[in-house]
Amino acid sequence: MKETDELFELLSKKEKLAAMLAPSFPIAYRYPDIVGKLKRAGFTYVAEVAAGAIKTNEAVIAALKDNPQKRFITSPCASFVRFIRTKYPAMEKYLAYAAESPMVQTAKIVREKWPGYRPVFIGPCVVKKLESSQDHPDLQILVLTYKEMDEVFKRLNIYDDHNDGVSVFDIAGAETRLYPISGGLAQSSRVRELLSDDQIQVVSGWKNCEEAVKNFEANKNVRLLDILFCEGGCVNGPGIDSNLSLAERRQKIIDYWNKDLS
Ligand code: SF4
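So the sequence shown is numbered by my numbering: it starts at 27 and just counts up by one.
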């Protein structure tokens, strides 16, 4: 069954649902209007996936501190993880699997805080569907892109985008709102206080992945490769319907990060 049909069915049956909005959401939606809109659609709770990213960052820092001899490649990008598994399986040992992706970390928070609620991830990425079904089937995360969520809003006749004045994130995470921009993990995790500039490499774009992997293999000085498959990061994910340029998308994320929403 298509994820849009599955969500529509769950909403029709009034199942207990918690939406999890990926950190790139300001490109597709306005805050806090989108929270009110999701609640009108039938979600009881709405969590910001940036909250899970805080836990991802903590795990990256812990891995680097606890294993001073080891080198790591970040693993939140579902496409890059699959690229390594299929094309460079010998490099899989470097993937920092202990630092689970923000989607997975947020689903765990949701499952613990609201037992019985099904986490529904809404984001820019199609491959997150595979991360959910292949790597974390136990969490039963239903994954939709923003484009697919818009289809669901349409089927539910929810078009208006006004602020209802009361709806805000039930779980928020302010410090990691830069996550969907290339280098967002390295920038928001304070890893730069632990490693020197030449020990961190930030790469985005599928065309650059092969070279980055080869460089990581050859350059033993690099301790952390922070990598995302889409050019510029998740802000450029295929599940976003937007005419904005990459620079404009980055600016939307920076503006949201700069807002005081606490
Ligand atoms: S960079 Fe692209 S492929 Fe990777 S997680 Fe983000 S949206 Fe998905």
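Backbone N, C-alpha and C define an ideal beta-carbon position, used for all residues, glycine too.
What you are looking at is a predicted structure, and each value in this text was computed from that prediction instead of being measured.
The Cβ atoms of Leu121 and Ile99 sit closer than 8 Å to each other.
Residue range 104-113 is occupied by the alpha helix (DSSP H) that includes Ser105.
In the DSSP assignment, Ser230 falls within the beta strand (DSSP E) that extends over 226-230. According to DSSP, Ile253 shares a beta bridge with Val229.
Bounds of the alpha helix (DSSP H) holding Val61 are 59-67.
At the C-beta level, Ala212 and Asp252 come within 8 Å of one another. Remark: the shortest separation between the CB of Ala89 and any heavy atom of the ligand SF4 does not fall under 7 Å. For the options Asp281, Leu220, Ala124, Ile110, the alpha carbon positioned closest to that of Lys91 is the one of Leu220. Residue side-chain check: Val153 places its Cβ nearer than 7 Å to a non-hydrogen atom of the ligand SF4. Sequence-distant Cβ neighbours of Ser158 in its own chain, meaning closer than 6 Å and more than five residues away, are Ile167, Val169. By alpha-carbon distance to Gly199, the top candidate from Ala124, Ala238, Gln131, Glu257 is Gln131.
Residue state for Pro145 is assigned as strand, using DSSP reduced to three classes.
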